[in-house]
Every structure is written in structure tokens, then in C-alpha cells.
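J.: Quick note: the sequence shown uses my numbering, first residue 5, plus one each step. For every residue, glycine included, the Cβ atom is placed at its ideal position computed from N, Cα and C. None of these values were measured; they are calculated from a predicted model. Here it is, the structure in full.
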Amino acid sequence: MIIPIILSIFAAVIGITGFVIIYYAVETRRQGFKIFRQKLEYFSSVVSIDENHITFRPRGRDINDGQLPNIGLTSREGSLVAGGPTSIVNGVITRKIISRTGCLGKSTKIRTSLFVYEDNPKINLDLEYSDVSFESELGILAGWHIPVDSNNWIIGIHGHRSYRTESMRFVPTLHRLGLNVLLSDYRNDLNAPVDKGGYHMFGLTEWRDLESAVKYCSDRGAQKIFLMGHSMGGAIVIKYLLESTTKSQIYGAILESPALNLNKIIGMKAEEIPLLPRGAEYPIKKLVSRMVNLRWEDLNYLSRSDELSTP
């Protein structure tokens with residue numbers, strides 16, 4: 005009687021472990037690689053708003069983010085940039101309105117945006133810009149060119165499931181430094197060509213779109229080109245600098261919170277999962293690599309740092 009019971013328990017443990025591995029592998033693929041548009045949730049609400057100030061009741065992360073020196077507040081109806089002194093009374097925050105677009109009113113549901121700016125350069129920064137497009141490996145990509153009278157350019161490369169506005173908060177400084185700014189899309193962005201593989205590849209394929217953006221700048225007389233990559237955009241920059249034959253045109257790169265070793269990131273996330281057995285991330289990663297058709301070692305860009313020469 006004891007042996008069958010032990011075998012049954014063993015089989016149950018194996019079954020549960022297998023289910024856990026498959027479940028988290030599917031979740032890792034979905035959250036990390038799958039192409040989909042995240043549903044945005046709006047936790048906070050506007051208490052009052054006029055031409056100069058907004059008062060809102062923050063929830064969750066908005067409690068702290070709403071007090072940053074400059075912060076975006078966005079809703080389904082519009083967005084604004086808030087700044088200046090922060091007034092807090094009974095948990096309600098009042099900020100000065102720096103710029104706004106769309107229609108926000110009393111009781112409008114909002115959320116903070118760390119990107120600060122949610123609209124185009126003219127609306128948010130009062131800077132002239134042009135809608136541009138260029139050919140890439142999968143088709144036509146679009147972007148914004150914010151011009152200055154200079155032969156120096158910088159390309160902003162946004163992060164995972166993000167948008168070109170991610171670089172906008174740096175544009176005023178870049179503009180003052182005399183740099184033409186190109187904020188462009190890459191494959192799998194909204195309204196951009198979709199990779200037939202159906203996954204974000206953290207630079208393994210997207211670097212070719214950056215290469216096309218560099219060519220766009222070169223064709224317009226760029227003598228010095230700089231790159232700025234955020235999060236996954238940092239991985240795209242490094243992969244481009246490792247692989248492209250045009251990398252000699254790049255005079256410098258800026259990486260903001262770059263995702264340069266996805267192996268470590270996955271490991272850290274695994275440690276945060278309650279009840280996940282120690283070591284389970286290894287079979288999970290193995291299964292994900294087969295689902296997505298990648299090699300994890302290829303996503304450890306830090307291991308190839310000695311191949312880089314760009315400042």
C-alpha cells in the first residue's frame with residue numbers, strides 16, 4: 005500500500021511541477037516577447053482643474069510619481085505636463101500645468117506618465133518638427149525629425165512596448181546642444197511593420213531598423229550621429245554597434261536603464277514569484293527559448309562589451 009501511495013504523490017509532484025514550468029514559460033513569453041498592446045489602467049482622478057493648475061487624488065504609484073519635479077498626467081481624453089511646487093492637502097495633490105492637450109475635466113480618470121510628454125514636439129515643447137518615413141528591412145518606418153541648423157544628429161530608440169515619446173523629455177536639452185533629433189519607430193510598434201516571428205527580440209532583429217534610421221540621417225548630410233537607447237532600446241543600440249557595417253558613423257551612445265542581460269532580468273523576476281521552486285527558471289527559460297526561437301546567451305550583451313569601441 006505504501007509504494008503506490010508514494011508513487012501517486014511523486015506523480016502528483018511531477019505533474020504540478022510540469023504545470024508550473026509550462027505556465028510561467030507561457031507567461032514569460034507573453035509578458036516579455038509577445039506583441040500586444042498593453043491595456044492602460046487609470047487609478048487616479050481629477051478633483052479640479054483650471055487654466056493654470058490641476059488638483060488630483062492619486063492612487064498607487066501615482067502618489068509618489070505625482071510629486072516628481074515634472075510629470076505627465078494622461079487620460080483617455082487628453083494629457084498634460086505638471087510641474088512647479090507640489091501642494092498636498094489630505095492626500096490630494098495640486099500642481100501647476102505647464103502644457104496640455106485634449107480635454108481633462110473634473111472626475112476624469114488619469115495616471116502619471118514618467119515619459120512626461122505624451123504628444124508631439126510642437127504641442128508639448130513648442131518645437132517645430134516634421135513627420136518623416138524611411139525604408140527598412142520589413143517596410144516603411146515613421147518618425148519625427150526635430151531640426152536644427154547643424155550636421156549633428158541623435159536618434160532616440162524607445163523601450164519595450166513603448167513609443168517614440170519616451171525620448172521627448174530629453175529633447176529640449178538635445179535641441180540646445182545643436183542636435184537634429186530623430187525619434188523613430190521600429191518593427192512591431194503600433195502602425196509599423198510586424199515581424200513574422202511575432203515577438204519582440206530585444207535587439208536581435210530590431211537593430212536592422214536602427215541601421216535604416218542611421219542611413220536616413222546620413223543621406224541628409226549627418227556628419228556626426230549619436231544614439232540614445234532606453235531599456236530595450238539600449239539593447240538595440242548595443243546589438244547595432246556589434247553587428248552593423250555602418251557603426252563607424254556613430255560618435256557616441258547614451259543608454260538609459262538598458263536591458264543588456266535579459267538572463268539576469270528573468271532571474272530577478274523569478275525570485276519575486278512566490279512558491280516558485282529554486283532552479284525552476286532554468287527549465288522555464290529552456291522552454292521559452294524554444295517557443296521564441298532564441299538563444300539566451302545572445303541576449304547577454306555585457307559578455308561582448310570588449311568588442312565595443314563607441315564612447
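1. Between Phe206 and Ala239, what straight-line distance do the alpha-carbon atoms span, to the nearest angstrom?
2. How far does the beta strand (DSSP E) with Trp157 in it reach, from first residue to last?
3. If distances are taken between C-alpha atoms only, which option among Tyr286, Trp157, Lys268, Arg104 comes closest to Leu181?
4. Between Ile101 and Leu129, how many whole angstroms is the CB-CB distance? I'm expecting something under 8 Å.
5. Alpha carbon to alpha carbon, how far is Thr250 from Ser48? Give it in angstroms, no decimals.
6. If I follow the unbroken beta strand (DSSP E) through His149, where does it start and stop?
7. Excluding five sequence neighbours on each side, which residues of the same chain lie with their C-beta closer than 8 Å to the C-beta of Gly106?
8. Beta strand (DSSP E) containing Val51: first to last residue?
9. Expressed to the nearest angstrom, what Euclidean distance is found between the alpha-carbon atoms of Pro258 and Phe230?
10. Quick check on DSSP: helix, strand or coil for Thr3?
11. What is the DSSP secondary structure of Asp135, counted as helix, strand or coil?
12. Examine the Cβ distances between the region 140–148 and the region 108–117 and report whether three or more of them are shorter than 8 Å.
13. Specify whether the region 29–38 and the region 49–58 touch according to this definition: at least 3 beta carbon pairs, one from each stretch, less than 8 Å apart.
14. Can you give the Cα-Cα distance for Leu72 and Tyr46, rounded to whole angstroms?
15. Is the beta carbon of His4 sitting closer than 8 Å to the one on Glu275?
16. Run through the DSSP bridge pairs and tell me what Tyr203 is partnered with.
17. From what residue to what residue does the alpha helix (DSSP H) around Ile277 run?
18. Under 8 Å by Cβ, that's how I've got Met236 and Gly163 pegged, so tell me the actual separation to the nearest angstrom.
19. Output the distance between the C-alpha atoms of Asn184 and Asp310, rounded to the nearest integer angstrom.
20. To which residues of the same chain is Ile269 closer than 7 Å at the C-beta, ignoring the five residues directly before and after it?
21. Could you check which residue in Arg191, Val296, Glu285, Asn265 has the C-alpha nearest to that of Arg308?
22. Distance check for Glu31 and Ile150, CA to CA, integer angstroms please.
23. Select from Arg299, Leu131, Val96, Gly76 the residue whose C-alpha is nearest the C-alpha of Leu108.
24. Between which two residues does the beta strand (DSSP E) holding Met232 run?
25. Go to Val198, then tell me how far its beta strand (DSSP E) extends in each direction, as first and last residue.
26. What whole-angstrom Cβ distance do Ser248 and Glu215 have, given they're in contact under 8 Å?
27. Below 8 Å on the Cβ atoms is my guess for Leu187 versus Arg168; work out the distance and round it to an integer in Å.
28. Using 10 angstroms around the beta-carbon of Lys290, count the other beta-carbons present and answer buried if the total reaches 16, otherwise exposed.
29. From the DSSP output, in three-state form, read off Ser117 for me.
T.: Walking through what the data contain:
1. Counting from 1 along the sequence shown, the entry for residue 206 is found at position 202. Counting from 1 along the sequence shown, the entry for residue 239 is found at position 235. Each residue's Cα considered, the two are about 6 Å apart.
2. Start at 1 with the first residue of the sequence shown, and residue 157 comes out as number 153. That run of the beta strand (DSSP E) goes 156–161.
3. Taking the first residue of the sequence shown as 1, we reach residue 181 at position 177. Looking at the Cα atoms, Trp157 is the closest of the given residues.
4. Position 97 of the sequence shown, counting from 1, holds the residue named residue 101. Position 125 of the sequence shown, counting from 1, holds the residue named residue 129. The Cβ separation is near 15 Å, so there is no contact.
5. For the purposes of this step, residue 48 is taken as residue 44 along the sequence shown, with counting starting at 1. For the purposes of this step, residue 250 is taken as residue 246 along the sequence shown, with counting starting at 1. About 46 Å.
6. For this step, residue 149 is matched to residue 145 along the sequence shown. Looking at the DSSP string, the run of the beta strand (DSSP E) that includes His149 is 143–150.
7. Working through the sequence shown from its first residue, we reach residue 106 at position 102. Cβ neighbours of Gly106 beyond the five flanking positions: Ser79, Glu81, Gly82, Ser83.
8. For this step, residue 51 is matched to residue 47 along the sequence shown. From DSSP, the beta strand (DSSP E) with Val51 extends over 48–53.
9. As a first step, residue 258 must be located in the sequence shown, where it is residue number 254. As a first step, residue 230 must be located in the sequence shown, where it is residue number 226. This sequence places Ile at residue 258; Pro is not what is there. In a straight line, the C-alpha of Ile258 is about 8 Å away from that of Phe230.
10. Because the chain here runs from 5 to 315, residue 3 falls outside it and cannot be looked at.
11. As a first step, residue 135 is located in the sequence shown; it is residue number 131 there, counting from the start. Strand, per DSSP.
12. no
13. no
14. Against the sequence shown, residue 72 aligns to sequence position 68. Against the sequence shown, residue 46 aligns to sequence position 42. Going by the C-alpha atoms only, they are around 18 Å apart.
15. Lying before the first or after the last residue shown, residue 4 is absent from the chain, which here runs from 5 to 315.
16. Locating residue 203 in the sequence shown gives position 199, counting from the first residue. The partner list for Tyr203 (beta bridge, DSSP) reads Lys38.
17. Taking the sequence shown and counting its residues from 1, the one referred to as residue 277 is at position 273. Run containing Ile277: none; DSSP gives neither H nor E here.
18. Reading the sequence shown from its first residue, position 232 is the one you call residue 236. Reading the sequence shown from its first residue, position 159 is the one you call residue 163. Contact flag correct, Cβ pair sits at about 5 Å.
19. For the purposes of this step, residue 184 is identified with residue 180 of the sequence shown, where counting begins at 1. For the purposes of this step, residue 310 is identified with residue 306 of the sequence shown, where counting begins at 1. Asn184 and Asp310: Cα-Cα distance of roughly 30 Å.
20. Against the sequence shown, residue 269 aligns to sequence position 265. Hits under 7 Å: Ala263.
21. Here the question's residue 308 lines up with position 304 in the sequence shown. Closest by alpha carbon: Asn265.
22. Taking the sequence shown and counting its residues from 1, one reaches residue 150 at position 146. Taking the sequence shown and counting its residues from 1, one reaches residue 31 at position 27. When rounded, the distance between both Cα atoms is 39 Å.
23. Here residue 108 corresponds to residue number 104 of the sequence shown, with the count starting at 1. Among Arg299, Leu131, Val96, Gly76, the Cα nearest to that of Leu108 belongs to Gly76.
24. Sequence index remark: in the sequence shown, residue 232 carries index 228 (1-based). Looking at the DSSP string, the run of the beta strand (DSSP E) that includes Met232 is 228–234.
25. Counting from one through the sequence shown, the residue named residue 198 turns up at place 194. Taken as a continuous stretch (DSSP letters only), Val198 belongs to no beta strand (DSSP E), as it is neither H nor E.
26. Sequence index remark: in the sequence shown, residue 248 carries index 244 (1-based). Sequence index remark: in the sequence shown, residue 215 carries index 211 (1-based). 5 Å between Cβ atoms; contact.
27. Looking up residue 187 in the sequence shown gives position 183. Looking up residue 168 in the sequence shown gives position 164. Right, their Cβ atoms sit about 4 Å apart.
28. Translated into the one-based positions of the sequence shown, residue 290 becomes position 286. Under this definition Lys290 is an exposed residue.
29. For the purposes of this step, residue 117 is taken as the residue at position 113 of the sequence shown. If DSSP states are grouped into helix, strand and coil, Ser117 belongs with the strands.
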